[in-house]
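Accompanying notes for the structure given below.
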Amino acid sequence: MMLYSGTNRLYNAPVTRGRGSTGCSVGARPFSGAAAARRSRTCTVRAAEASNPNDFGESVKRIAKKIQGGLPVIGLLSRLASPQGGFDELAYPEFCRSVYDRASPAYFEAVQALEKAHGKPAVHRQLLLVLWMAQLGSGAIPAKDVISGARRVRVSHDVEFEVDRFEGAREAALKKYTMMERPQGRLAEQVEVAVDALAALTLGLPEGKPIPEVDAARIATLVAFVFPEAGDERVRQAVQERPQRSYS
694 MMLYSGTNRL
704 YNAPVTRGRG
714 STGCSVGARP
724 FSGAAAARRS
734 RTCTVRAAEA
744 SNPNDFGESV
754 KRIAKKIQGG
764 LPVIGLLSRL
774 ASPQGGFDEL
784 AYPEFCRSVY
794 DRASPAYFEA
804 VQALEKAHGK
814 PAVHRQLLLV
824 LWMAQLGSGA
834 IPAKDVISGA
844 RRVRVSHDVE
854 FEVDRFEGAR
864 EAALKKYTMM
874 ERPQGRLAEQ
884 VEVAVDALAA
894 LTLGLPEGKP
904 IPEVDAARIA
914 TLVAFVFPEA
924 GDERVRQAVQ
934 ERPQRSYS
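For the sequence shown, the positions run 694 to 941 when the numbering used here is used.
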């Protein structure tokens, strides 16, 4: 089985471009209880460069980053000061900002083309949600759950609910690894889940169906941007091989 691995507000409005923008508009209702606790919990951000988990020096650096992220003011300032957030993992709003700040014109063109062709299911905030779940869920959340989340949000358009549901499931899964290194999902699997979840979200495609050529190119552009280490060829392969994959 393939496995897939918060600031206090979620981005509930579509992403708009403009000088000085943080990448996502903010507009969320207040949270309480467990949901509020999850959003106040500091997350670490995915490292920009791969490191050797057996290297003592790198392990110390990772621990230091997590400690820094746990300090309310210092952790927040560190994330805001870094274009990619600066830690091992990004919360959804930070992921939105990171993508917006770094995205190429080709990325935005693909987003606009998907929304124009498929309407509300393909709005940017929902595309970002699916990409975020495929990336952050690695090693913790079953791939089929990411696909199911994409299908739900295609109908409900409730990004806030899906973020809360995903974070709760991930938090529960990671509790098993508090004293040990959690398993890491393979990059190829992350790319495949991102492709399949985007196809489920924007096109409503059932399993076993190929992605139409025009949409395949747009989806590949989004996935290749979020997973640059995969390379264009691997992303194209993941798109072409979609009919062969099943999450039942």
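From the three backbone atoms N, C-alpha and C, an ideal C-beta is built for every residue, glycine too.
Given the structure is predicted, the values throughout are model-derived calculations rather than measurements.
Measure the C-alpha to C-alpha separation of Gly-720 and Arg-847 and round it to an integer number of angstroms.
Along the sequence shown, read from residue 1 onward, the residue named residue 720 stands at position 27. Along the sequence shown, read from residue 1 onward, the residue named residue 847 stands at position 154. Residue confidence for Gly-720 is low, a pLDDT of 40 falling below 50, so the modelled location carries little weight; the figure read from the coordinates is stated next. The alpha-carbon atoms of Gly-720 and Arg-847 are separated by roughly 20 angstroms.
Rounded to a whole number of angstroms, what is the C-alpha to C-alpha distance between Leu-783 and Gly-924?
Position 90 of the sequence shown, counting from 1, holds the residue named residue 783. Position 231 of the sequence shown, counting from 1, holds the residue named residue 924. Those two C-alpha atoms are separated by around 22 angstroms.
Starting from Ser-791, trace the alpha helix (DSSP H) in both directions and tell me its first and last residue.
Within the sequence shown, numbered from 1, the residue matching residue 791 stands at position 98. Its alpha helix (DSSP H) spans residues 785-795.
Rounded to whole angstroms, what is the Cα-Cα separation between Ala-810 and Glu-906?
Position 117 of the sequence shown, counted from the first residue, corresponds to residue 810. Position 213 of the sequence shown, counted from the first residue, corresponds to residue 906. Cα to Cα, Ala-810 sits roughly 13 angstroms from Glu-906.
Closer than 7 angstroms to a non-hydrogen atom of the ligand NAD - does that hold for the CB of Ser-941?
Questions concerning the ligand NAD fall outside what the structure shown contains, since it holds no ligand whatsoever.
Taking Cβ positions, are Ile-840 and Ala-890 nearer each other than 8 angstroms?
Here residue 840 corresponds to residue number 147 of the sequence shown, with the count starting at 1. Here residue 890 corresponds to residue number 197 of the sequence shown, with the count starting at 1. Yes, these two residues count as a Cβ contact at 8 angstroms.
Which residue from Ala-917, Gln-937, Arg-938 and Ser-941 puts its Cα closest to that of Val-792?
Reading the sequence shown from its first residue, position 99 is the one you call residue 792. That would be Ala-917, whose Cα lies nearest to the Cα of Val-792.
Mind checking Glu-885: buried by the 16 CB within 10 Å criterion, or exposed?
As a working note, residue 885 is residue 192 in the sequence shown. Buried, by the Cβ-count rule.
Please tell me whether Val-823 and Ala-843 are closer than 8 angstroms, where the distance is taken between their beta carbons.
Reading the sequence shown from its first residue, position 130 is the one you call residue 823. Reading the sequence shown from its first residue, position 150 is the one you call residue 843. Yes, the pair counts as a contact, with Cβ atoms nearer than the cut-off.
Nearest to Arg-875 by CA position, among Val-888, Gly-832 and Gly-897, is which residue?
Position 182 of the sequence shown, counting from 1, holds the residue named residue 875. Minimum Cα distance to Arg-875 is reached at Gly-832.
Please report how far the alpha carbon of Arg-863 lies from the alpha carbon of Glu-853, in whole angstroms.
For the purposes of this step, residue 863 is taken as the residue at position 170 of the sequence shown. For the purposes of this step, residue 853 is taken as the residue at position 160 of the sequence shown. Near 15 angstroms, if we compare the C-alpha coordinates of Glu-853 and Arg-863.
Compare the C-alpha of Ser-797 against each of Ile-904, Leu-915 and Glu-922 and name the closest.
For the purposes of this step, residue 797 is taken as residue 104 along the sequence shown, with counting starting at 1. It is Leu-915 whose Cα lies nearest to the Cα of Ser-797.
For Tyr-800 and Trp-825, which I take to be in contact (beta-carbon distance under 8 angstroms), what is that distance rounded to the nearest angstrom?
Walking along the sequence shown from the start, residue 800 turns up at place 107. Walking along the sequence shown from the start, residue 825 turns up at place 132. Wrong, their Cβ atoms sit about 15 angstroms apart, outside the cutoff.
To the nearest angstrom, report how far apart Gly-812 and Gln-883 are at their CA atoms.
Position 119 of the sequence shown, counted from the start, is the residue given in the question as residue 812. Position 190 of the sequence shown, counted from the start, is the residue given in the question as residue 883. In a straight line, the C-alpha of Gly-812 is about 26 angstroms away from that of Gln-883.
Measure from the alpha carbon of Asp-908 to the alpha carbon of each residue in Ala-892, Ala-881, Lys-868 and Gly-901, then state which is nearest.
Residue numbering aside, residue 908 sits at position 215 when the sequence shown is read from its first letter. Measuring from the Cα of Asp-908, the nearest candidate turns out to be Ala-892.
Helix, strand or coil: how does DSSP classify Thr-914 here?
Stepping through the sequence shown from its first residue, residue 914 is reached at position 221. DSSP places Thr-914 in helix when its eight states are reduced to three.
Using only alpha-carbon positions, find the residue among Ala-910, Tyr-940, Leu-894 and Arg-911 that is nearest to His-850.
Mapped onto the sequence shown, residue 850 falls at position 157. Ranking Ala-910, Tyr-940, Leu-894 and Arg-911 by CA distance to the CA of His-850 puts Leu-894 first.
What do you get for Ala-865, buried or exposed, if any count of 16 or more other CB atoms within 10 angstroms of its CB means buried?
If you number the sequence shown from 1, residue 865 lands on position 172. With fewer than 16 other Cβ atoms from the protein chains shown falling within 10 Å of its own Cβ, Ala-865 counts as exposed.
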